[in-house]
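>
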Amino acid sequence: MSHSPLSSLRFKRLLLTGAAGNLGQVLRPRLKAYCDVLRVSDIQSLGSAAAGEEVQVLDLADASGVKALLEGVDAVVHLGGVSTEQPWAPILAGNIMGVVNLYEAARLNKTRRIIFASSNHATGFYRQDEVIGTSAPPKPDGFYGLSKAFGEDVAEMYWHRWGIETVSLRIGSSFPEPRDRRMLSTWLSYDDLERLVVASLTAPIVKHSVIYGMSDNRGSFWDNTGARHIGYRPQDSSEPFRAAVEARQPHIDITDPAAIYQGGGFVKMAPHGE
Ligand SMILES: NC(=O)c1ccc[n+]([C@@H]2O[C@H](COP(=O)([O-])OP(=O)(O)OC[C@H]3O[C@@H](n4cnc5c(N)ncnc54)[C@H](O)[C@@H]3O)[C@@H](O)[C@H]2O)c1
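Following the numbering used here, the numbering of the sequence shown begins with 7 at its first residue and continues without gaps.
#1: Quick one: what does DSSP say residue 224 is sitting in, helix, strand or coil?
#2: For ligand 1, is there a heavy atom less than 7 Å away from the beta-carbon of residue 229?
#3: May I have the straight-line CA-CA distance separating residue 179 from residue 72, to the nearest angstrom?
#4: Return the chain-ordered list of same chain residues with a C-beta closer than 6 Å to the C-beta of residue 218, the five sequence neighbours on each side being excluded.
#5: Taking just the CA atoms, how far does residue 187 sit from residue 252?
#6: Does at least one heavy atom of ligand 1 sit under 7 Å from the Cβ of residue 50?
#7: Which word fits residue 42, buried or exposed, when buried means at least 16 other C-beta atoms lie within 10 angstroms of its C-beta?
#8: Tell me where the beta strand (DSSP E) around residue 62 begins and ends.
#9: Would you say the segment 196-214 touches the segment 28-41, given that touching needs at least three Cβ pairs under 8 Å?
#10: Specify, as a first and last residue, the run of the beta strand (DSSP E) that residue 51 falls within.
#11: Under the three-state reduction of DSSP, which class applies to residue 272: helix, strand or coil?
#12: In chain order, which continuous runs of the alpha helix (DSSP H) of length 4 or greater are located wholly inside the segment 166-217?
#13: Do you know how far the Cα of residue 162 is from the Cα of residue 121?
#14: Expressed to the nearest angstrom, what Euclidean distance is found between the alpha-carbon atoms of residue 20 and residue 135?
#15: DSSP on residue 79, reduced to helix/strand/coil?
#16: Measure the Cβ-Cβ separation of residue 268 and residue 130 and say whether it is below 8 Å.
#17: Closest by CA to residue 56, which one among 49, 45 and 66?
#18: At what residues does the beta strand (DSSP E) containing residue 119 begin and finish?
#19: Should residue 211 be labelled buried (16 or more other beta-carbon atoms within 10 Å of its own) or exposed?
#20: In the DSSP assignment, find the unbroken alpha helix (DSSP H) run with residue 113 in it and report its ends.
#21: I'd like the span of the beta strand (DSSP E) that includes residue 19, first residue to last.
#22: Where do the N-terminal and C-terminal ends of the alpha helix (DSSP H) with residue 96 fall, by residue?
#23: Count Cβ pairs between the segment 200-207 and the segment 135-151 that sit closer than 8 Å; are there 3 or more?
#24: Identify which residue in 132, 62, 216 and 125 has its Cα closest to the Cα of residue 165.
Shown next, in the form of structure tokens:
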């Protein structure tokens with residue numbers, strides 16, 4: 007969907023990693039409005055470059071490739087990496103080596119700001135009947151959540167040591183619509199995702215900030231008060247989908263760990279994604 011930009015601020019060159027993924031495909035056409043050149047990257051094919059785009063296919067584990075990827079880049083929207091619970095090897099490559107390679111490349115290329123797609127699974131072992139804020143320490147619910155907690159620590163280190171700013175987005179569930187009862191709490195609409203990313207890119211000072219990526223849902227496990235300085239104001243809500251979701255899933259087993267913990271089904275996935 008194309009609409010008028012949410013900010014008049016423009017970057018010379020923005021980098022979008024993970025551009026072939028679900029959220030990358032959503033943001034690729036939308037981020038063009040905020041930059042002169044949008045550089046898109048992924049390990050998978052990205053098609054040909056549209057007007058105003060540069061395309062680079064590479065593995066985030068390739069340090070020299072990532073260093074070249076950041077050349078001339080003012081800010082990064084970093085979505086690339088493993089996005090589900092997986093064996094350790096791909097998570098090590100994409101999310102551990104990948105994030106260190108990205109920040110090292112940012113340091114060497116003097117890139118100023120990174121928007122890091124963290125995840126609610128970094129705090130998946132908090133309970134669904136507690137509300138946590140943006141300073142809640144990680145309680146990862148698997149290798150995937152652990153890698154996102156690591157990414158947040160990398161961001162914290164590069165802020166203090168090198169002055170590179172990051173907004174770590176602990177994204178809830180960003181899909182066309184909420185699919186189950188948990189997602190009525192965790193849903194982030196695509197329009198709100200754009201609002202969140204643009205606010206994170208354009209807020210004057212963010213240092214290293216953490217914010218939960220959610221729409222204005224009626225029930226939520228998260229309180230973003232500590233991140234008001236980012237200026238994100240969600241406009242959507244899961245409420246219009248409630249009746250359909252509750253009709254599909256009228257009962258919840260409150261003894262099921264997937265219903266007890268914020269990470270939902272991720273908290274009981276077999277080790278190593280087996
Ligand atoms: N969609 C959500 O609801 C959600 C929730 C929480 C966090 N996130 C995070 O947001 C980001 C985007 O999510 P998504 O749903 O679009 O995931 P996705 O899996 O569709 O996209 C991730 C992209 O990263 C690429 N990638 C994986 N390993 C790579 C590597 N080693 N080198 C280069 N590229 C690599 C993949 O090819 C893929 O295109 C991810 O970092 C994910 O962890 C998403």
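Ideal Cβ placement from N, Cα and C applies to all residues, glycine included.
Let's see:
#1: coil
#2: no
#3: 28 Å
#4: 176, 228 and 230
#5: 7 Å
#6: yes
#7: exposed
#8: 59-63
#9: yes
#10: Counting along the chain, residue 51 falls outside any beta strand (DSSP E), and DSSP gives it neither H nor E.
#11: helix
#12: 187-192 and 196-208
#13: 13 Å
#14: 39 Å
#15: coil
#16: yes
#17: 45
#18: 119-125
#19: exposed
#20: 104-115
#21: 17-23
#22: 94-97
#23: no
#24: 216
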